[in-house]
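S.K.: FYI, the numbering for the sequence shown is 31 to 249, going by the working numbering.
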Amino acid sequence: MPEPVSDAGLQTTTQARGPNPVSQHAGADTGGSSTSQTGDRAWSGHMFDALPDHVDIYEVGPRDGLQNEKTVLTVESKLAMIDRMVDAGIRRIEITSFVNPRWIPALADHMELATRLQRRPGVRYSALVPNMRGLDSASMAGMDEVAVFMAASESHNRKNINKTTHKAMETYQEVIREALSRKMKVRGYISCVFGCPYEGHVPFENVEWVSRSLLDLGV
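#1: For Leu-244, count neighbouring Cβ atoms within 10 angstroms of its own Cβ and tell me buried if that reaches 16, exposed if not.
#2: Can you grab the Cα-Cα spacing for the pair Pro-92 / Met-111, in whole Å?
#3: Quick one: give me the first and last residue of the beta strand (DSSP E) that Tyr-155 is part of.
#4: Where does Ala-136 fall in DSSP's three states?
#5: Have a look at the DSSP bridge pairing and note the partners of Thr-126.
#6: In the DSSP output, what is Tyr-219 paired with across the bridge?
#7: Is it buried or exposed for Glu-89, if we count other Cβ within 10 angstroms and need 16 for buried?
#8: Using 8 Å for Cβ pairs, my map puts Ala-177 next to Gly-218. What's the rounded Cβ distance?
#9: Within its chain, find whatever has a CB closer than 7 Å to the CB of Thr-126; leave out the 5 residues flanking it on each side and keep chain order.
#10: Is the distance from the Cβ of Leu-147 to the Cβ of Ile-206 below 8 Å?
#11: Name, in chain order, the residues that DSSP records as bridge partners for Gly-91.
#12: Could you check where the alpha helix (DSSP H) with Thr-201 kicks off and where it finishes?
#13: Exposed or buried, what is Ser-64 when buried is set at 16 or more other beta-carbons lying within 10 Å of its beta-carbon?
#14: Taking just the CA atoms, how far does Pro-160 sit from Gln-203?
#15: Could you check which residue in Ala-198, Met-199 and Pro-135 has the C-alpha nearest to that of Leu-103?
#16: In the structure shown, what three-state DSSP assignment does Asp-86 receive?
#17: In three-state terms, what does DSSP make of Gly-248?
#18: Could you please give the first and the last residue of the uninterrupted alpha helix (DSSP H) stretch that includes Leu-81?
#19: Mark Val-153 as exposed unless 16 or more other C-beta atoms lie within 10 angstroms of its C-beta, in which case mark it buried.
#20: Have a look at Ser-185, Glu-175 and Arg-150 and flag the residue whose alpha-carbon is nearest the alpha-carbon of Pro-227.
#21: Under a Cβ-count criterion, where at least 16 other Cβ atoms within 10 Å of its own Cβ denotes burial, should Ala-80 be classed as buried or exposed?
#22: Apart from the five residues just before and just after Val-249, which ones in its own chain have a Cβ nearer than 7 Å to its Cβ?
#23: When the Cα atoms are used, what is the spatial distance from Ile-220 to Asn-236?
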């Protein structure tokens, strides 16, 4: 069961916002603006008001970037790479995946990497967990933040994790609830929200169902 070849390490956090600059000027005199133009600007204002105040970008190179490389880095090299990322100002790093080494030999050192990692103040380190066994290993290695992964595409889930979308969600329900009960932070990846390499267009309803399901679980 292969890991995702590529995914976005991104999570949004929504907070209260002040008035939006676009909506503030929706009724301003523009020297001949029409009603339709004013309506467009007002609509843009509503759209911008719905956006989060900031976006947390997660660096996933130590996991996603290395998992398919033919040359397997040593633990020392991986630790040095992570330290240099922190030195460069990165504060959200996904360091590995607690996956069966038979699936991804390049990440077979996940336990050693996580236990030897020198965690620095102000930096959040996380790891991908595909199932309960992965969660248990991550917990034993001292990880306090984990991520789960699935696609909004039925075809992608079947080919990538050998499960239907609903079956994958059933698996992650158990993982998420257990992780939260252990006071661990949990993030959710949703792949193929803008299209799938296997089936092309992905209906918005699929994306909405996966998103709402993860949110309802506390992700």
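In this text, a Cβ means the ideal position worked out from N, Cα and C, and glycines have one as well. As the structure is a prediction and not an experimental result, all values here were calculated from the model.
M.R.: Based on what the coordinates show:
#1: buried
#2: 8 Å
#3: 154–158
#4: In the displayed model, Ala-136 falls within a helix according to three-state DSSP.
#5: Ala-157
#6: Beta-bridge pairing by DSSP links Tyr-219 to Phe-179.
#7: Label assigned to Glu-89: buried.
#8: 7 Å
#9: Pro-92, Arg-93, Leu-137, His-140, Leu-143, Ala-144 and Ala-157
#10: no
#11: Paired residue(s): none; Gly-91 is not in a bridge.
#12: Element bounds for Thr-201: 195–211.
#13: With a pLDDT of only 36 at Ser-64, under the threshold of 50, the placement of this residue in the model should not be trusted, and no figure is reported.
#14: 12 Å
#15: The shortest C-alpha separation from Leu-103 is found at Pro-135.
#16: strand
#17: coil
#18: Element bounds for Leu-81: n/a, residue is neither H nor E.
#19: exposed
#20: In terms of Cα proximity to Pro-227, the closest of Ser-185, Glu-175 and Arg-150 is Ser-185.
#21: exposed
#22: Answer for Val-249: Ile-206, Val-216, Arg-217 and Gly-218, listed in chain order.
#23: Distance between the alpha carbons of Ile-220 and Asn-236 is about 11 Å.
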